[in-house]
Amino acid sequence: MTITITQILFWILSVAALFSALMVITSKNPVHSVLWLIATFFSISGHYILLSAQFLAVVNIIVYAGAIMVLFLFVIMLMNLNRETEPQKNRWIKMAGAIAGGCLLLVLVASLKNVESASTIEDVKGGDVGFIKRLGKELFSTYVVPFEISSILFLSAMVGAVVIGKKE
Amino acid sequence: MNALVISAVLGVVMMFSGILLKQKSAVRNVAIAGMVLLLIVNVLELCGNVFFNIDSKGMIEFDRFALLFNTIVYVSAILYLLLSARDMEKVGVNYAEYLALIFFILCGITLTSSFRSLLILFLGIEIISIPLYILTGSDKRNLKSNEASLKYFLLGAFSTGLMLMGIALIYGAQGSFDTTRVSSFQGTASPLLVAGMVLLLFSMAFKVSAAPFHFWTPDVYDGAPTVFTSFMATIVKAAVFIAFIRLFDEAFGTLQSQWQLLIAIITVATLFIGNITAVFQQSVKRMLAYSSIAQAGFMMLALYAMNADAKEGLLLYVTAYSLATIGIFAVLIKMKDYTFEGFNGFAKQQPLLAATTTICLLSLAGIPLTAGFLSKFYMLKAALGTGKHLWLVIFAVLMAAVSVYYYFRVIQAMYFKDGEVQKIDVSPAFKWTLVVVTALVVLLGVFPNLLLNWYYF
Amino acid sequence: MKNALNIVYLIPLLPLVGFLINGLLRKHLSKSMISVVGCGTILVSFALSIVMFLQVKNGDGGTIEYFNFISVGELTIPFAFQIDQLSSLFLLIITGVGFLIHVYSTSYMQEEKPEHFGRYFSYLNLFVFSMLLLVMGANYVIMFIGWEGVGLCSYLLIGYWFKNNEYNKAANKAFVMNRIGDLAFLIAIFWIIAKTGGVNYGEVFAFAPKLSGTDATIITLLLFVGAAGKSAQIPLYTWLPDAMAGPTPVSALIHAATMVTAGIYMIARSNVLYSLSEVSMNVVAIVGLATALLAATIALKQNDIKKVLAYSTVSQLGYMFLALGVGAYSAGVFHVMTHAFFKALLFLAAGSVIHAMSGEQDIRNMGGLSKKIRITFITFLIGCIAIAGIPPFSGFFSKDAILLNALLVDSHDGSFSIKGIILYGVALFTALLTAFYMFRLLFITFSGTFRGTEEQKHHIHESPAPMTIPLIILAVLSIIGGLIGIPDAIVKGGDKFTEFLSPVIAQRAGHPVSHSTEYMLMGLSTVLVGITIIVAWRQYRNYKRKEATGFAKVLEDKWYVDEFYEKIIVKPLHNFGGFLKNVFEKLVVDGLVNGVGRMVNYGGRQFRLLQSGQVGSYVLLMVLSMVIIFLVQFFLRK
Amino acid sequence: MPITHYIILSLALFSIGIVGVLTRRNAIIIFMCIELMLNAVNLLLVAFSKMHNYAAIKAAADQKLPITEAILNTGSEGQIFVFFIMVVAAAEVTVGLAIIVMMYRNIHSVDVNFLNRLKH
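Chains as they are written, first to last, in our numbering: chain A, 139 to 306; chain B, 318 to 774; chain C, 0 to 637; chain D, 24 to 143.
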């Protein structure tokens with residue numbers, strides 16, 4: 139059994155993603171949580187590149203890590219939230235939450251363990267499905283109707299932000 | 318397709334009408350006219366006139382079931398606007414925006430009733446949900462409204478996460494989001510598919526407020542401005558139910574043996590919690606929230622049975638339920654005191670409103686000669702048709718009997734108790750609309766085929 | 000008149016129209032207009048019912064379908080009416096007695112405001128409509144619709160004087176108890192659908208022989224629970240006496256003559272199913288007899304004129320169930336008919352008494368009324384004789400038929416089984432109690448001296464004609480109504496009634512007893528009833544209020560015999576009646592019903608606590624449920 | 024790389040998100056945890072997309088069939104779906120943060136434990 143560079147990268151990125159995700163939920167300071175979440179998104183983008191989904195990797199960084207998380211950070215800074223402002227939950231409730239989440243993970247994994255392990259992911263010639271050219275064509279031909287529909291979603295979100303945010 | 322395009326356009330029109338029209342009544346009239354237009358184009362499509370022939374690559378299909386349901390939704394929405402649009406003015410200043418959001422929601426409803434792809438289902442559900450988060454919080458100064466909005470948003474986003482994980486697992490198993498391709502598999506179903514189906518079941522159960530995913534419902538319905546609670550509890554809930562039954566019919570029909578037991582468990586839990594907890598409410602609004610959970614339990618029977626009777630019966634059920642609940646809420650909105658005591662002596666002050674409310678309540682309780690009875694009958698018969706689990710039917714009948722208790726508390730307060738008479742002023746038009754709603758409830762209770770024949774011819 | 004069936008829909012439709020007119024226009028119509036609409040619609044319905052009856056008599060009954068009410072899969076439930084011997088008979092009773100009560104009401108309710116007057120008549124018409132639907136329906140679903148309808152109307156009418164909180168409670172109690180029964184009925188309907196695939200009487204009864212014994216027993220027992228709720232049998236009877244809160248004509252119409260007989264109608268209609276289950280028959284007979292006895296003993300102790308009549312109704316209904324339980328369906332239905340006459344008469348007469356006494360209902364404050372309200376007295380007396388069972392009044396024949404059939408249960412060769420003798424003995428004893436309390440009521444009310452206030456005394460007057468004429472008609476019917484069911488022993492082929500019903504009700508295949516035995520039994524019951532009445536006469540003809548005169552004085556005024564009776568028979572009976580009323584009814588029956596409520600209460604409170612208002616706990620509960628559901632789905636299922 | 028690795032990885036991220044929702048009180052952090060859940064889903068979808076793409080091309084190659092455009096396109100729908108999830112997430116964030124800010128303006132806190140006026 140040989141270890142390829144892909145596998146090494148997979149493990150490194152996985153550990154990074156899981157670690158930073160754990161830090162998101164354990165950091166006391168909300169700003170730190172945001173930064174760790176950005177780190178998680180970067181590791182996930184790394185995974186996308188491993189899976190040769192370059193387009194999504196870039197979008198993930200630009201949209202998520204770049205725009206959305208900055209919005210979060212902005213709001214947190216605006217409210218001046220820091221370590222002191224978030225009272226901690228009761229230790230037992232935290233424990234119960236962690237155990238419940240752990241149980242869910244266990245059950246999910248146990249029920250999916252029978253998935254045919256033959257299915258694998260490897261690089262193959264012509265496997266450029268994640269490239270922008272191919273996705274762009276698909277998006278504006280087959281998926282043009284959902285694409286237009288998502289504009290309605292944005293319109294309603296826009297109207298909503300106005301309704302909620304506008305001073306009366 | 319007519320209604321989809323028109324409803325989206327109307328949403329935009331409403332946005333601009335808020336800027337262009339100074340009079341609120343003008344905005345309202347535009348909205349009502351738009352809704353009528355929507356109904357007309359939809360009925361035209363039902364009769365075979367499609368104006369917008371857009372190729373959705375098989376992701377959306379407007380079949381009879383979808384079109385008929387859309388018709389029901391638009392009729393209910395017209396009645397809703399006629400009865401309650403005036404009351405939206407009290408909520409806040411963004412009158413035109415509220416109406417625009419309602420049109421966007423209707424656009425989402427049009428999608429969820431006709432999807433053929435999980436992608437469209439997802440988009441439709443989100444287009445329904447996001448405006449609802451906003452409408453729930455639209456009474457910005459009211460802390461209850463704030464709280465309801467944030468709770469709804471956080472829990473709703475959580476359930477969206479569950480739904481997406483479910484869709485992802487299904488995609489892993491079947492390699493497609495197409496409902497027909499999801500349902501076609503060789504041999505036994507992959508665990509991925511089953512797990513995905515269960516996760517989708519959770520999130521849909523959340524959206525229709527079936528136990529044990531119902532917790533948001535009482536709080537949100539209670540906290541939201543009553544005029545929007547009315548919309549959420551009726552039209553939106555009906556739409557999600559239709560999506561639910563479509564999903565489990567078309568995508569998971571082949572997996573029926575896998576989910577039937579789960580649905581049975583959820584049905585029993587929903588019926589029990591909804592009915593029993595409703596008994597102890599002090600506020601009519603909150604009672605109606607629990608009652609909507611209880612009614613959802615009954616509608617779950619259609620999912621459980623999943624035969625031709627069930628789909629037909631569900632159409633009747635959502636119609637009966639929506640009409641009756643809109644009728645009750647329309648009166649409730651006018652009241653200042655939402656407790657049961659607030660209704661004391663109501664019959665003396667407003668005999669007509671009391672009478673219409675009574676008939677609507679009787680329909681919800683399932684008293685014969687109202688649409689509520691027949692729709693419950695259909696549900697139970699459909700569940701019997703599966704030939705299994707007779708106890709489920711008996712349990713449902715028992716719970717229906719419990720429901721009589723809390724519906725009759727309102728009737729009793731209105732007719733048999735004296736109290737501080739609340740002054741409410743309503744226009745004759747409002748009264749006549751209510752009479753129409755009530756007449757429909759009774760008419761469908763005697764001639765259900767007036768509605769159901771549309772499904773077949 | 001061949002095509003009279005084509006207009007049969009008018010029979011229920013007219014009261015419905017009356018309901019709509021009176022209900023919607025009650026503010027604009029005068030009282031006389033309301034009366035004309037209210038009574039007129041019922042009168043026309045009655046005329047049509049006579050036409051139907053005659054047609055059925057000629058053998059031209061049938062089923063008329065209007066439209067498909069419900070069609071779910073293979074199951075189609077037509078909206079159809081079935082006009083046959085049984086339903087046409089009930090039509091006559093409902094519209095006929097109903098019409099008289101409507102006429103009576105026009106005068107009785109005269110003091111109400113026009114608006115309320117209209118409301119009252121609209122409810123009354125709606126009630127008649129529901130009852131007609133119940134009886135005419137050609138399947139169980141239509142019957143159920145009428146069934147719920149009468150429950151609803153009785154709720155509205157009991158609570159008619161809603162100012163009084165007690166009355167509200169009574170209305171609620173009636174509704175809840177009725178709902179329990181309705182629930183069982185609904186489950187029975189679904190069971191029938193599940194097992195036979197139809198709900199039309201024709202289909203179900205044709206399929207019946209293929210039902211398994213257990214299914215037949217379950218269905219019939221569930222139906223019986225439904226009937227017990229509506230017809231006030233143990234343990235669901237307590238609502239009926241409380242239901243006397245409504246106006247008196249309502250008590251007469253709903254709680255004596257029509258609604259409460261719905262249970263009897265339902266079981267008689269389903270006689271094919273009942274015949275399949277020995278167990279159910281026994282349950283029906285025993286519960287019926289127990290109710291008859293229990294209610295009769297309680298009635299001994301009551302001082303409210305309407306309460307006595309209410310318990311007497313419960314007791315008589317028990318009688319009818321006994322008849323059904325022993326398989327004598329036609330005797331049961333016969334008793335329904337005669338009971339409708341004399342009980343309506345008694346209630347209306349009681350209403351007339353209350354009217355004369357300016358609303359007083361306590362018989363201890365009455366006395367000596369016989370001379371002042373002559374017509375009421377005579378009609379009331381006729382009613383008492385009829386219910387007590389003295390020939391040739393109507394009650395005698397129907398009661399006699401029930402007693403005889405009870406005695407003959409399980410008998411195939413003319414000899415009596417032990418069961419039969421016990422049933423007969425208890426039933427006869429109950430009949431004597433009936434005679435006793437009815438005449439006690441009569442004597443306390445009408446004989447002796449007046450015990451009320453001066454003002455009341457001054458005010459006593461006979462009721463106006465619209466009230467007395469129905470009384471007289473009903474009195475005549477109470478006298479002669481029994482003649483259509485004269486047993487064979489007296490007039491050969493005299494029992495026209497059973498003969499008429501024979502196409503819809505299977506006859507008991509039993510060995511008839513010899514005529515001499517029958518004479519002996521009739522004689523026995525008549526003599527015993529006569530003695531009881533004399534006892535009651537001695538006891539109560541000069542009733543004095545004990546509180547007013549003191550115990551010693553009472554003794555002084557009475558004969559030694561009276562004291563003897565008092566000690567040996569009356570006192571223990573009274574005590575027993577009081578015991579049953581206070582202990583059994585309050586503790587056992589109400590306790591049972593309330594106990595279930597309390598359990599639901601407790602459970603509901605616990606569930607409410609889950610709704611803590613905290614987002615975190617909601618998510619936690621959801622996640623835990625998800626874990627459990629996943630476990631069920633992937634690891635526990637099979 | 025076996026697909027199970029990816030399944031387990033993304034389920035783990037998903038569960039961490041859920042645990043975060045369960046254990047935190049700050050509405051913004053809870054919302055971030057939900058975003059984490061969505062990203063776990065995205066990762067899984069991309070992995071499945073690649074898996075289907077690889078399987079289709081390999082099957083065609085094994086059977087010596089010409090590799091058409093349609094086969095090369097297999098799996099694109101998964102990535103398109105991810106795109107739509109991002110779209111929806113962006114819309115949700117707009118609305119969600121607006122609601123949280125509205126809440127903050129009224130009670131000067133984003134602690135969800137303070138949300139308990141509505142209960143029972």
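We put the CB at the ideal spot given by N, CA and C, even for glycine.
This structure is a prediction, so every number in the text was calculated from the model and none was measured.
Can the beta-carbon of residue i be found less than 7 angstroms from the beta-carbon of residue j?
i                : j                : result
Ala187 (chain C) : Leu221 (chain C) : yes
His638 (chain C) : Ser462 (chain C) : Past the boundaries of the shown model lies residue 638 (chain C); chain C is included only from 0 to 637, so the question cannot be answered.
Gly382 (chain C) : Leu431 (chain C) : no
Leu686 (chain B) : Gly762 (chain B) : yes
Can you find a C-beta in chain A that's less than 7 angstroms from the C-beta of residue i?
i                : result
Leu619 (chain C) : yes
Phe66 (chain C)  : no
Check whether the Cβ of residue i lies closer than 7 angstroms to any Cβ atom in chain B.
i                : result
Gly268 (chain A) : no
Gly262 (chain C) : no
Got a sec: is the Cβ-Cβ distance from residue i to anything in chain C below 7 angstroms?
i                : result
Ala238 (chain A) : yes
Tyr450 (chain B) : no
Ser249 (chain A) : yes
Val358 (chain B) : no
Thr674 (chain B) : no
In its own chain, which residues sit with a C-beta less than 8 angstroms from the C-beta of residue i, not counting the 5 before and 5 after it?
i                : result
Ile445 (chain B) : Ile422, Gly425, Ile426, Thr429, Val553, Ala556 and Val557
Leu510 (chain B) : Leu486, Ile487, Ala490, Gln491, Val499, Phe502 and Leu572
Report yes or no: is there a C-beta of chain D within less than 7 angstroms of the C-beta of residue i?
i                : result
Asn463 (chain B) : yes
Phe278 (chain A) : no
For residue i, go through chain D and note every residue whose CB falls closer than 7 angstroms to its CB, in chain order.
i                : result
Gln610 (chain C) : Lys142 and His143
Can you find the residues in the same chain that come closer than 6 angstroms, C-beta to C-beta, to residue i, ignoring five residues on each side of it along the sequence?
i                : result
Tyr638 (chain B) : Gln612
Leu85 (chain C)  : Val503
Ile741 (chain B) : Lys651
Residue i versus chain C: which residues are under 7 angstroms apart at the beta carbon?
i                : result
Val253 (chain A) : Within chain C, no residue comes near Val253 (chain A); the closest Cβ sits about 13 angstroms away, beyond 7 angstroms.
Leu242 (chain A) : Val622, Met625 and Val626
Listing by chain order, which chain D residues have their CB less than 9 angstroms from the CB of residue i?
i                : result
Glu443 (chain B) : Val111, Ala114 and Glu115
Please return the same chain residues whose Cβ sits closer than 7 angstroms to the Cβ of residue i, not counting the five positions on each side in sequence.
i                : result
Val499 (chain B) : Ile487, Gln491, Ser493 and Ala568
Val43 (chain C)  : Leu13
Starting from the beta carbon of residue i, find every residue of chain B whose beta carbon is closer than 8 angstroms, and list them in chain order.
i                : result
Val301 (chain A) : Gly409, Asn411, Glu414, Tyr415, Leu418, Ile451 and Ser455
Ala50 (chain D)  : Leu467 and Leu471
Which chain B residues sit within Cβ distance under 7 angstroms of residue i?
i                : result
Asn129 (chain D) : Leu460 and Asn463
Residue i CB to nearest chain G CB: under 7 angstroms?
i                : result
Gly101 (chain D) : Annotation note: the requested chain G is absent from the structure, which comprises protein chains A, B, C and D.
Check the Cβ of residue i against every Cβ in chain A and list those closer than 7 angstroms, keeping chain order.
i                : result
Gly478 (chain B) : Simply none; closest approach about 12 angstroms.
Requested in this report: Specify whether the segment 535–542 of chain B and the segment 464–475 of chain B touch according to this definition: at least 3 beta carbon pairs, one from each stretch, less than 8 angstroms apart.
Outcome: yes
Original post:
Does the segment 239–247 of chain C come close enough to the segment 199–212 of chain C that 3 or more CB-CB pairs lie under 8 angstroms?
Top reply: no
Stretch pair the segment 326–345 of chain B + the segment 268–276 of chain A: three plus CB contacts closer than 8 angstroms:
no
Inter-stretch contact (C-beta, 8 angstroms, three-pair minimum) for the segment 59–69 of chain C and the segment 300–313 of chain C: no
Exercise for the section: Evaluate contact between the segment 666–677 of chain B and the segment 696–712 of chain B, counting only Cβ atoms and requiring at least three cross-stretch pairs below 8 angstroms. Expected result: no
Margin query: With a threshold of 8 angstroms, are at least 3 pairs of Cβ atoms found where one atom belongs to the segment 444–461 of chain C and the other to the segment 362–380 of chain C?
Written below: yes
Check your understanding: Does the count of Cβ pairs from the segment 40–48 of chain D and the segment 160–169 of chain A closer than 8 angstroms reach three?
Key -> yes
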